[in-house]
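Be aware that the sequence shown starts at 2, since it is given in my numbering, and climbs by one per residue. Where a beta carbon is used, it is the ideal one built from N, C-alpha and C, also for glycine. Quick caveat, the model's predicted, so the values are computed rather than measured.
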Amino acid sequence: MGWVNRLAGKTIALDTAPLIYFVEENSDFLKQINPFFNALERAEFAVLTSTLTITETLVKPLKLEKLEQAHAFMEILAEYMTVIPVTERIAEYAAKLRAKNNLRTPDAIQVATAVTHQADFFLTNDARLARLKIKGLE
Numbered sequence: 002m003g004w005v006n007r008l009a010g011k012t013i014a015l016d017t018a019p020l021i022y023f024v025e026e027n028s029d030f031l032k033q034i035n036p037f038f039n040a041l042e043r044a045e046f047a048v049l050t051s052t053l054t055i056t057e058t059l060v061k062p063l064k065l066e067k068l069e070q071a072h073a074f075m076e077i078l079a080e081y082m083t084v085i086p087v088t089e090r091i092a093e094y095a096a097k098l099r100a101k102n103n104l105r106t107p108d109a110i111q112v113a114t115a116v117t118h119q120a121d122f123f124l125t126n127d128a129r130l131a132r133l134k135i136k137g138l139e
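1. Quick check: what's the CA-CA separation for Glu76 versus Leu20?
2. Once DSSP output is grouped into helix, strand and coil, what is the label at Thr12?
3. Going along the chain, which residues of its own chain have a beta-carbon closer than 8 angstroms to the beta-carbon of Glu42, five neighbours each way excluded?
4. Where does Ala9 land, buried or exposed, given buried means 16+ other C-beta within 10 angstroms?
5. For Ser51, which option in Leu15, Thr125, Asp121 has the closest C-alpha, if you only look at C-alpha atoms?
6. With Phe46 as the anchor, note down where its alpha helix (DSSP H) starts and where it stops.
7. On the premise that Ile55 lies in contact with Leu78, defined as a C-beta separation below 8 angstroms, what is that separation, rounded to the nearest angstrom?
8. On the DSSP bridge assignment, give the partners of Thr83 in chain order.
9. For a test of the three-state rule: what should DSSP assign to Phe23, helix, strand or coil?
Structure follows, in structure tokens:
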């Protein structure tokens, strides 16, 4: 829980995977991410994510016709997060990130969203993204 305390009062950009782990109650990661989502519910920090997160979270539930799970994703996104559309500015920054760091497009868009909206932290389970060194973003 100590790591969550560092986030108090900050703006957090959220990658898709932690949200999926939370909603799907992934036993490998739930213990680590539950404190984050509990603090989110208490509004201890602001969270933003890309509209891309909608696409990435809904594919599996829609494919498996798990409409309640799809609804759970949308409810969390609507109630607790600011969902940022992919703008030209984000797309251009994502292209620069891809060119420099050889990222996949979805990853570059998520990071570009974080940077262009001045997030303090980027929460991801992707070790490659976590190792990126971007000024002002932890």
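Looking at the atomic coordinates:
1. 12 angstroms
2. strand
3. Tyr81
4. exposed
5. Leu15
6. Phe46 -> no alpha helix (DSSP H), and no H or E assigned at all.
7. 7 angstroms
8. Leu49
9. helix
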